[in-house]
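Contents: one structure, followed by commentary.
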Amino acid sequence: WDAGDGLFNPSIVEFGANFLVSARQSNLVNKNDGDCRIEDPEGMVISKCLIAEYSRDFQKIREFSVNFGSIPKIENQQFCGIEDIRLFDWDRKIWISGSAVFRDLRSRKNIVKQCLARLDGENLADFQIFDSPLNSDMEKNWIPLIRNSELFFVYRFQPLGILALRAARQLV
């Protein structure tokens, strides 16, 4: 990757003897004046997730773009990518949490829901989308937290809100 690729929202996780680093790439163009513009006539932001694996001495081993092909299709919605991906190690597997963005093809509105998936090579497995606890059209930036092999999400800070993922993959 090079700096001209418009990479942002990095995440890093130590895994085994290596590090995995993710970054988001999109069709947003950041201007030097702080303004952002979308280079799409429909006004859609399309995102890719790039991941690089590094050794302990920071030598790049490989890099790839995550394949979103396993994301389930939703009627009348176009999948636009996953934003703000956070990598984490859960039971010796690499998982991602992030904001899955869908475009409603009728209303032209974006719907942003938090998602969870296991990284399987360059693909996503065990993909799950969570409904908003507050019935919001936009859910972003949940922080994964592992405690005693259980997965929690820090949902908000004020007041503190933590959601737990239970055995049936239900948030409580």
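Residues 768 to 939 (our numbering) are what the sequence shown spells out, left to right. We treat Cβ as the ideally placed atom computed from N, Cα and C, and that holds for glycine.
Which residue wins for smallest C-alpha separation from residue i, given the options the options?
{"i": "ASN915", "options": "TRP909, ARG933 and GLY783", "result": "ARG933"}
{"i": "ASP871", "options": "PHE846, SER899, CYS816 and ASP824", "result": "PHE846"}
{"i": "LYS840", "options": "VAL780, PHE775, GLU917 and ILE896", "result": "ILE896"}
{"i": "ALA867", "options": "LEU927, GLN844, PHE786 and ILE818", "result": "GLN844"}
{"i": "CYS816", "options": "GLU842, ASN877, GLY928 and SER778", "result": "SER778"}
By the 10 Å Cβ neighbour count, where 16 or more other Cβ atoms means buried, how is residue i classified, buried or exposed?
{"i": "GLY955", "result": "Lying outside 768 to 939, the shown extent of the chain, residue 955 is not represented and no answer is given."}
{"i": "GLN881", "result": "buried"}
{"i": "ALA790", "result": "buried"}
{"i": "ALA931", "result": "exposed"}
{"i": "LEU901", "result": "exposed"}
{"i": "ARG823", "result": "exposed"}
{"i": "PHE920", "result": "buried"}
Quick one, are the C-beta atoms of residue i and residue j less than 9 Å apart?
{"i": "ILE913", "j": "ASP851", "result": "no"}
{"i": "ILE863", "j": "ARG885", "result": "yes"}
{"i": "LEU918", "j": "LEU883", "result": "yes"}
{"i": "LEU774", "j": "ASN834", "result": "no"}
Using a Cβ-Cβ cutoff of less than 8 Å, which residues in the same chain neighbour residue i once the five nearest sequence positions on both sides are dropped?
{"i": "ILE813", "result": "SER793, ASN794, ASP807, CYS847 and GLY848"}
{"i": "ASP893", "result": "LEU883, ALA884 and ARG885"}
Who are the Cβ neighbours of residue i in its own chain at under 7 Å, not counting the five residues just before and after it?
{"i": "GLY783", "result": "none"}
Who are the near neighbours of residue i in its chain, counting only those whose CB is closer than 6 Å to its CB and skipping five residues on each side?
{"i": "ASP904", "result": "ILE878"}
Only counting runs of 3 or more residues, tell me where the beta strand (DSSP E) segments fall wholly within the stretch 910 to 935, in order along the chain.
You should have 910 to 914, 917 to 924 and 927 to 931.
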